[in-house]
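> Take the position in the sequence shown, starting the count at 1, then add 299; the result is the number in our numbering. In this text, a Cβ means the ideal position worked out from N, Cα and C, and glycines have one as well. Keep in mind the model is a prediction, meaning the values are calculated, not measured.
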Amino acid sequence: MNTGTKATEWRVSPVFLSIVAITAVAGWAVWTGIAGATGFAVFLFVTGAWIVSLCLHEYAHARTALHSGDTSVGSKGYLTLNPLAYTHALLSIVLPVLFVVMGGIGLPGGAVYIERARIHGRWKHSLISAAGPLTNVAFAVLCTAPFWLDALDGVPPAFQYALAFLAMLQVTAAILNSLPIPGLDGYGVIEPWLSYRIRRQVEPIAPFGLIAVFAILWIPAVNIAFFDGIDALLGVLGVDDLQRYCGYDLYRFWKAFFGEQNPGCAV
C-alpha cells in the first residue's frame, strides 16, 4: 500500500537512537555492577527503557493511523520515534517520567495528533487508540519473560530488580491507559461507538482525564487496592512484590545519600 510518506519521514531519529544507546550502556552497568554505582545505573536503565517504550507507544498510534488513512503523521515526524516531535513532549515524556519518580506509577501521557477526518471506519479509529496500550502489553511480556520462563539463573539480582520494576511500569501503563476515561486510550477505543451527543458532552473534560486518574491514585485506599492488584498480576507472571519493591528502591538512588534505602535490597 502506498502510504504517501517520504523516505526521510521514516528515518529513525538520532535522539531516539541516543536514548537506546544510553539505556543499553546503563543496562550493562547494572548487570556488571561497575564502579559500584548500581543505583544510578538502575535509574538510567529504567528511565531510558521507559522513554523508549513511550516512544514506541506513540509510534504504534501513528503507524496504525498511517495505514488507516492519515498520511499526515509522516510529515509531523511521528514515524521517526523522536520524542521531541510529539504534540506535547511535556505530557508524553516529562510527566510520565515524573510520575515514575514520585510514585512508581507507569502513567502514560498524551502524544500524537491524528487527523481523524482522514480515517473512515469505527474499527480503524478504535484500533488506532488500542495500538498504544498493546505496545505496553508487549513490553510487559518481554520484561517478565525471564521470570515466568524461569530463566533467571546467572542474572545479577540488581538486573532482576530493575526488570521487575520496569515490568510493573509497563503493566500499570497498560491497565491505566486502557481505562474508558476521557483523555485516555481506553476511551478512544469506545468513543467511535458512542452517540454524537455523548461525545460532544465529554469533549470539554477530556484534557483532564489523566490528571484525574493521577489524583485518584493518591487516595490511600485506592492506591493500596490498585497496587495490591498489580502485585497479584505480577505474581502470576512470576515477579514477586519484593523484586518489584527492590527495583523501585534502587531506582531512587538518591535515597542512599540519606541512608534511607532498604538494606534488604542491597546488591
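Can you name, in chain order, every residue of its own chain whose Cβ lies under 8 Å from the Cβ of ILE480, other than the five neighbours on each side?
Excluding residues within five positions, the ones whose Cβ falls inside 8 Å are TYR486, GLY508, ALA511, VAL512.
> Tell me, to the nearest whole angstrom, how far the beta carbon of TYR547 is from that of GLY403; I am working on the premise that it is less than 8 Å.
5 Å between Cβ atoms; contact.
> Grouping DSSP H, G and I as helix and E and B as strand, with all else coil, what is ALA336?
If DSSP states are grouped into helix, strand and coil, ALA336 belongs with coil.
> CA-CA distance, ASN301 and THR363?
Summary for ASN301: the model assigns pLDDT 48, below 50, so the residue's position carries little reliability; its value from the coordinates is reported in the next sentence. Spanning the two alpha carbons is a distance of roughly 14 Å.
> Just confirm the distance between the C-beta atoms of ALA348 and LEU465, as a whole number of angstroms; I'd bet it's less than 8 Å.
Rounded, the Cβ-Cβ distance is 6 Å, consistent with contact.
> Around the Cβ of PHE557, are there at least 16 other Cβ atoms within 10 angstroms (buried) or fewer (exposed)?
Per the 10 Å Cβ criterion, exposed.
> Take the Cβ of GLU490 as the centre, count every other Cβ of all protein chains shown within 10 Å, and call the residue buried at 16 or more, exposed below.
When all chains shown are included, GLU490 counts as buried.
> Check the C-beta distance from CYS545 over to TYR460 and give it rounded, since I have them as a contact under 8 Å.
About 4 Å separates the two Cβ atoms, so the contact holds.
> Spatial neighbours of CYS442 within its chain, please: C-beta separation below 7 Å, excluding the five flanking residues on both sides.
Within the same chain, CYS442 has close Cβ partners LEU462, LEU465, ALA466, GLN469.
> What separation, rounded to the nearest whole angstrom, lies between the Cα atoms of SER371 and GLU414?
Roughly 8 Å separates the two Cα atoms.
> Between the C-alpha atoms of PRO382 and TRP309, what's the straight-line distance to the nearest angstrom?
In a straight line, the C-alpha of PRO382 is about 14 Å away from that of TRP309.
> Is MET479 helix, strand or coil when you go by DSSP?
According to the sequence provided, residue 479 is Pro. The question's Met does not apply to it. Coil, per DSSP.
> Less than 8 Å between the C-beta atoms of PRO455 and GLY332, yes or no?
Yes, the Cβ-Cβ distance between PRO455 and GLY332 is below 8 Å.
> On the three-state DSSP scale, how would you describe TRP517?
Coil.
> Hey, how far is the Cα of ALA531 from the Cα of SER317?
Roughly 35 Å separates the two Cα atoms.
> How would you call ARG543, buried or exposed, if buried means at least 16 neighbouring beta carbons within 10 angstroms?
Its Cβ being crowded by 16 or more others within 10 Å, ARG543 is buried.
> Alpha carbon to alpha carbon, how far is ILE504 from GLY537? Give it in angstroms, no decimals.
Going from the Cα of GLY537 to the Cα of ILE504 covers about 39 Å.
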